[in-house]
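Asks: Structure below; questions to follow.
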DNA sequence: GACTCTGCCACAAACGTTTGCAAAGTGCCG
DNA sequence: CGGCACTTTGCAAACGTTTGTGGCAGAGTC
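Dropping the structure here:
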């Protein structure tokens, strides 16, 4: 029923091979016959059968993407970037939601591998070995995950943390809390690493809590812990947690940013529209998706811009209304059950000492 | 390089056709040889080449989905449902973001059509004619769009509106505002229709504003207009607009829900976590995605549960903290620039009279 | 005028799978 | 023991495309 290359050939009075060449390697056919073929193809509405083509060429014209959680706006941003760049390069995209299960993720990539020319994987929980084994199946590009020999698009989380620390330090904050996301998430380790380095350089004390579920509820839970410690600023693993923190602080009657500064990470839509608007680090989600596809395609057909195997994208601190100058210690009248704010200023423990969370301070969730 | 059916055949000492049959129509081969073939396939890690298969069978094992905007959490919810049900049925899914452009949407479906067995399309802006023409290319299922002869999964927006009206009426509200989403969006027309019917039955007056951009900013813009009219409750086209309304009302010093009730539509994540938590109608996004795939598959291979061509999913009003009993007229001290609240109670105009927005009240955006 | 060279085109093989058909084997009945 | 039905298997064609090879014509060269 659908029109094949032979129908076009017949109409244009040429052989099928000429049609094929006229549609691709055009310099091998005479100009006039090429016109004739193109006209015939247009009139018949010819669309090549991708299955037949990929059978002979070994290429599919598709790429895949697997994400851990479609509910997370971060990944839908990535998805957007991936899709837009892929379409621009003439590729269609398969997608799959691993539902935060590394074995499901692996199975999905495995299933896709025969139908795609490559896949970009966002797999914060998968093991290095798993990823390497998948790289043997089809060409891979990672997102926010650094692994030797496998190309990756990375977002400069550490740089974002540095900007946060500089910002808070300039506002006079000397002691901050960091609310960890999942310990096995690559990006949490990366953000923590960047924070520790920046804090140590800025001589800022950092108290760590968690790990927590990287969601609103996790932030609610974490807020009380941070409040009890006497910090003047809270840095959350991501925006969802930061929103939870804001909600809990409001319930407890702690004014943000006057009494407590709060910073998130990701710059989701809702960071801009919540009250008060959240200071956060913008992650280049769409750009990350685009870059990942660029890397993938350059590995496949040299179409990409052929930069190195790893590309790091800049992040930017967006200062909104949840950060302000650190409050003086005495000005906290109505937080009832707080601990005495012992030695929280310059006289407190050094950053290095506080980095390792003690049993009491850390471990809000079983690890 | 990859292992083919012939490799398996050789190892199992049978012909390729026997391997093929052993892997599918198992009753045609003897039990013992089937075992042998299966073992050989397992040992070699054989994965059939989908291109070759689809070339001969004419089926691809893929479905597609096109959505108008990946940034909208509503559609990512649908996406999740689609993907999960598709995987369960052994299908992989292509996706494409039409970026709210009907012609792009059409082009995407057209491009996909050769690689998929069917596609579910969420195309609130496409014309009926466009959709019908696409239905000729491949089998289609619509989401939230009713069109004769084309199967569709529908969410009962009208029912949701009825629940809103009943809820508000029970709280004593007699005059409400509706903030229209885009006029050419099917779901806005549907919600408005449901609202008008329910309001007329409940003898509630409805003043309409808009259309507005169905985003936060649209809500901000709309809030002032509704406030000026003297309504006691605002029903927004969707949650994003409702959040904008909340933000603007807070800025204007209008207490929610004491002085104004606000209702959204969709039940996005953020409706639950904003302050105060938003009363809204839960749309069954994932269930809708699942249902759409069910319908699609039953059209393709009889795999679905074979219900009728249209399936309507129930919606539920989630009452949270933005709705309360209507304020009495005198208790509005600090809204400065409001109009005199003339005749807004039972003595006011009938519902039918107010339904057609007059020039002065409507048209906040050029149409 | 015979040779080579070049431009253009058709023929046919190949990709990996499914499937109709025939052949071979087996068991049963008359 | 021949014929028949039935089961099990292999052969080969087909799906629609790309691409290597070869042929044919015309032009150029000696």
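Protein chains in written order, with the UniProt record's numbering: chain U, 1 to 367; chain A, 1 to 367. For glycine and all other residues, C-beta sits at the position ideal for the given N, C-alpha and C. Bear in mind the structure is a predicted one, so any value in this text is a computation, not a measurement.
Do you know whose CA, among U:154, U:111, U:258 and U:51, lies nearest residue 287 (chain U)'s CA?
Replies: Residue U:154 is the option with its Cα nearest to residue 287 (chain U).
Asks: Just reading off the alpha helix (DSSP H) that residue 37 (chain U) is part of, what are its end residues?
Replies: Run containing residue 37 (chain U): 31-44, per the alpha helix (DSSP H) assignment.
Asks: Can you check which of these residues, U:248, U:126 and U:106, is closest to residue 369 (chain U) by C-alpha distance?
Replies: Past the boundaries of the shown model lies residue 369 (chain U); chain U is included only from 1 to 367, so the question cannot be answered.
Asks: By the 10 Å Cβ neighbour count, where 16 or more other Cβ atoms means buried, how is residue 173 (chain U) classified, buried or exposed?
Replies: Answer is buried; the Cβ neighbour count reaches 16.
Asks: Could you tell me if residue 90 (chain A) is buried or exposed, where buried requires 16 or more neighbouring beta carbons within 10 angstroms of its beta carbon?
Replies: So residue 90 (chain A) ends up on the exposed side.
Asks: Go ahead and label residue 83 (chain A) buried or exposed: buried means 16 or more other beta carbons lie within 10 angstroms of its beta carbon, across all protein chains shown.
Replies: So residue 83 (chain A) ends up on the buried side.
Asks: Please go through the same chain and pick out, in chain order, the residues whose beta-carbon is closer than 8 Å to the beta-carbon of residue 252 (chain A), but skip the five residues on each side of it.
Replies: Excluding positions up to five away in sequence, the list reads 223, 224, 227 and 335.
Asks: Return helix, strand or coil for residue 237 (chain U), following the three-state DSSP convention.
Replies: Note: residue 237 (chain U) maps to coil in three-state DSSP.
Asks: Residues in its own chain within less than 6 Å of residue 314 (chain U) by CB, not counting five upstream and five downstream?
Replies: Cβ neighbours of residue 314 (chain U) beyond the five flanking positions: 156.
Asks: Using beta carbons (cut-off 7 Å, strictly below), is residue 95 (chain A) in contact with chain U?
Replies: Yes - at least one Cβ of chain U is within 7 Å of the one on residue 95 (chain A).
Asks: In whole angstroms, give me the CA-to-CA distance for residue 327 (chain A) and residue 146 (chain U).
Replies: Distance between the alpha carbons of residue 327 (chain A) and residue 146 (chain U) is about 58 Å.
Asks: In this structure, what does DSSP give as the bridge partners for residue 127 (chain U)?
Replies: BP columns for residue 127 (chain U) are empty, so no partner.
Asks: Less than 7 Å between CB atoms is the rule here; does residue 54 (chain A) satisfy it with respect to chain U?
Replies: It does: the Cβ of residue 54 (chain A) has a partner Cβ on chain U nearer than 7 Å.
Asks: Could you name the residues of chain A that residue 314 (chain U) contacts, counting a contact when the two beta carbons are closer than 9 Å?
Replies: Those do not exist, as residue 314 (chain U) stays about 22 Å from chain A at its closest Cβ, beyond 9 Å.
Asks: Could you confirm whether any beta carbon from chain U is found closer than 7 Å to the beta carbon of residue 265 (chain A)?
Replies: Not closer than 7 Å to any Cβ of chain U, the Cβ of residue 265 (chain A) fails to qualify, so no.
Asks: Using a Cβ-Cβ cut-off of less than 7 Å, give me the residues of the region 225-250 of chain U that come near chain A, in sequence order.
Replies: Going along the region 225-250 of chain U in chain order, one finds 243, 247 and 250 with a Cβ nearer than 7 Å to chain A.
Asks: What residues from chain U crowd round residue 112 (chain A), counting only those whose CB sits closer than 8 Å?
Replies: Under the 8 Å cutoff, chain U gives 92.
Asks: Out of curiosity, what's the CA-to-CA distance linking residue 76 (chain U) and residue 54 (chain U)?
Replies: Answer to the nearest angstrom: the Cα atoms are 29 Å apart.
Asks: Name the DSSP beta bridge partners of residue 431 (chain A), please?
Replies: Given a span of 1 to 367 for chain A in the structure shown, any question on residue 431 (chain A) remains unanswerable.
Asks: Provide the residue span of the alpha helix (DSSP H) that contains residue 191 (chain U), from first to last.
Replies: Here the alpha helix (DSSP H) through residue 191 (chain U) covers 186-202.
Asks: Tell me which same chain residues have a C-beta within less than 8 Å of the C-beta of residue 194 (chain A), skipping the five on either side of it?
Replies: The residues are 157, 158, 159, 160, 161 and 162.
Asks: So with Cβ pairs under 7 Å, would you call residue 141 (chain A) a contact of chain U?
Replies: No, its Cβ sits nowhere closer than 7 Å to a Cβ of chain U.
Asks: Tell me where the alpha helix (DSSP H) around residue 104 (chain U) begins and ends.
Replies: Per DSSP, residue 104 (chain U) belongs to the alpha helix (DSSP H) from 102-112.
Asks: Please decide whether residue 70 (chain A) counts as near chain U, where near means a Cβ-Cβ distance under 7 Å.
Replies: Closer than 7 Å: yes.
Asks: Starting from the Cα of residue 261 (chain A), find the closest Cα among A:273, A:277 and A:270 and give me that residue.
Replies: Checked all of A:273, A:277 and A:270; the closest Cα to residue 261 (chain A) is A:277.
Asks: So, do the region 104-120 of chain U and the region 262-277 of chain U have three or more beta carbon pairs nearer to each other than 8 Å?
Replies: No, they do not touch.
Asks: Of all the CB atoms in chain A, is at least one closer than 7 Å to the CB of residue 47 (chain U)?
Replies: It does; some Cβ of chain A falls within 7 Å.
Asks: Just mark residue 116 (chain U) as buried or exposed, buried being the case when its beta carbon has 16 or more other beta carbons within 10 Å.
Replies: Flag for residue 116 (chain U) reads buried.
Asks: Does residue 368 (chain U) have its Cβ less than 7 Å from a Cβ in chain A?
Replies: The question about residue 368 (chain U) has no answer, for chain U in this structure spans 1 to 367.
Asks: Specify, as a first and last residue, the run of the alpha helix (DSSP H) that residue 161 (chain A) falls within.
Replies: Here the alpha helix (DSSP H) through residue 161 (chain A) covers 157-170.
Asks: Starting from residue 173 (chain A), follow its DSSP beta bridges and name the residues at the other end.
Replies: Note: residue 173 (chain A) sits in no beta bridge, so no partner.
Asks: Nearest to residue 178 (chain A) by alpha carbon, out of A:322, A:238, A:250 and A:27?
Replies: Closest by alpha carbon: A:238.
Asks: Distance, Cα to Cα, residue 165 (chain U) vs residue 319 (chain U)?
Replies: Whole-angstrom Cα-Cα distance: 12 Å.
Asks: Any Cβ of chain A within less than 7 Å of the Cβ of residue 51 (chain U)?
Replies: With 7 Å as the cut-off, residue 51 (chain U) counts as an interface residue toward chain A.
Asks: Pull up the DSSP beta-bridge partners for residue 286 (chain U), would you.
Replies: Residue 286 (chain U) is not bridged to any residue.
Asks: Apply the 10 Å Cβ neighbour rule to residue 148 (chain U) and answer buried if 16 or more other Cβ atoms are within range, or exposed otherwise.
Replies: With fewer than 16 other Cβ atoms within 10 Å, it is exposed.
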